[in-house]
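So in our numbering, spot 217 of the sequence shown is number 217, and the numbers just go up one at a time.
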Amino acid sequence: QNISDIADLDAIIFEQAGKVTKLNYQQFEEKSQEIAEVLNRVAINRGERVLMVTENHLFWMPIFIGIASSGKIAVPLDGNTAIDRFQSILADSNPAVIIMMRKYSQRFSKYIPEEYKAKFIFEDEYEILVKGNSTSHAPADREVKPHDIAALMYTSGTTGKPKGIMLSHRALIESAKNAKNLVHCEPKDKIVTILPFSHVFALVDSGITPLYWHCTNILCNTLNPAEMFGLIMKYQSRFLLAVPRLCDLLA
Numbered sequence: 001q002n003i004s005d006i007a008d009l010d011a012i013i014f015e016q017a018g019k020v021t022k023l024n025y026q027q028f029e030e031k032s033q034e035i036a037e038v039l040n041r042v043a044i045n046r047g048e049r050v051l052m053v054t055e056n057h058l059f060w061m062p063i064f065i066g067i068a069s070s071g072k073i074a075v076p077l078d079g080n081t082a083i084d085r086f087q088s089i090l091a092d093s094n095p096a097v098i099i100m101m102r103k104y105s106q107r108f109s110k111y112i113p114e115e116y117k118a119k120f121i122f123e124d125e126y127e128i129l130v131k132g133n134s135t136s137h138a139p140a141d142r143e144v145k146p147h148d149i150a151a152l153m154y155t156s157g158t159t160g161k162p163k164g165i166m167l168s169h170r171a172l173i174e175s176a177k178n179a180k181n182l183v184h185c186e187p188k189d190k191i192v193t194i195l196p197f198s199h200v201f202a203l204v205d206s207g208i209t210p211l212y213w214h215c216t217n218i219l220c221n222t223l224n225p226a227e228m229f230g231l232i233m234k235y236q237s238r239f240l241l242a243v244p245r246l247c248d249l250l251a
C-alpha cells in the first residue's frame, strides 16, 4: 500500500510521565529512512550487525525498520538487561554500530571497547556509536533480499550463554501475514504493547504485525494494572498481547 494512503494515520503513540508523543505513518517512514541514511553514511556493509540498547520507545520500531531496510542486521537488547548479558551479546554479535538510548549510556559505557566512538545523536534520545574499523567506502550492493537476515535475537541464556537466533526478512513478513489471517484487524484498530520489543514474540506480534495491518500501536511502559487498563480504555484498544505472567498480574 502506498504510504500516502495511510500517511496521517497514527502508527505509534507513546505515553510517559503524562506526556503523549505520536508518529503517524509518514513520520514513521521518515524516521526509519533517517536511521538508514545514517548507517549508509558510516558505510558499514550490508549484513553488518547493529546493536540496539533501548527500552520500548516512540522510536524503537523506526530504528529497527531503518536498520533492516538498509540491509543491516538489528540486534535488539533491553536497556535494563544484566551487565554480564550485555557483555556476552556485545562480544558475540560484534556489532559495527551501537545505537544506545542515552539514559543507559552511563550504565554501559565502561563495558564498551574504546574503538566505538559516538558519531551521531538521534532525536536527542540516542547515541550512535561506530566501531573504528568500519569500512570507509559505500557498499556496492544495498539491495535487501527476502532471505537476508533482518534481526539477530538472543535467547535468555538460562542454560548457558545467550545464543543468537537469525530471523530473515521473509520470516518476519510471513509471520505478520499469518497473524493477519488469524485475526481480523483494520487500520482504525489499536493494540496496546506492554511486552518488550527485544523479545521475539513482542517484536513480531506487537511490533511488526500492527505495522503490517496499518494499526496504531500504543506503547505502555508500566506494569501497574490501573495504568494499563487506563490506556486500554482511553484508546479503546481491541488487542493486547500477553504472556502467562502478565495475565496473572492483570487477573
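By construction, the Cβ of each residue, glycine as well, lies at the ideal position given by its N, Cα and C atoms.
{"Check": "Distance between residue 234 and residue 44 (C-alpha atoms, nearest Å)", "Outcome": "43 Å"}
{"Check": "Option nearest residue 59 by Cα separation, candidates 97, 150 and 28", "Outcome": "28"}
{"Check": "Burial state of residue 136, where buried means 16 or more other Cβ atoms lie within 10 Å", "Outcome": "Confidence at residue 136 is low in this model, with a pLDDT of 48, below 50, so the placement of that residue should be treated as unreliable; the coordinate-derived value is given next. So residue 136 ends up on the exposed side."}
{"Check": "Close beta carbons around residue 221, own chain, < 7 Å, minus the five adjacent residues each side", "Outcome": "16, 55 and 56"}
{"Check": "Three-state secondary structure (DSSP) of residue 137", "Outcome": "Confidence at residue 137 is low in this model, with a pLDDT of 49, below 50, so its placement is unreliable and the value that follows should be read with caution. Reduced to three states, the DSSP call for residue 137 is coil."}
{"Check": "Coarse secondary structure for residue 164, derived from DSSP in three states", "Outcome": "strand"}
{"Check": "Cβ-Cβ distance between residue 162 and residue 191 below 7 Å", "Outcome": "no"}
{"Check": "Beta-carbon proximity list for residue 69, same chain, < 7 Å, skipping 5 on both sides", "Outcome": "32, 36 and 144"}
{"Check": "Other residues of its chain near residue 189: CB distance less than 6 Å, five sequence neighbours each side excluded", "Outcome": "215 and 238"}
{"Check": "Endpoints, the alpha helix (DSSP H) within which residue 40 is located", "Outcome": "25-41"}
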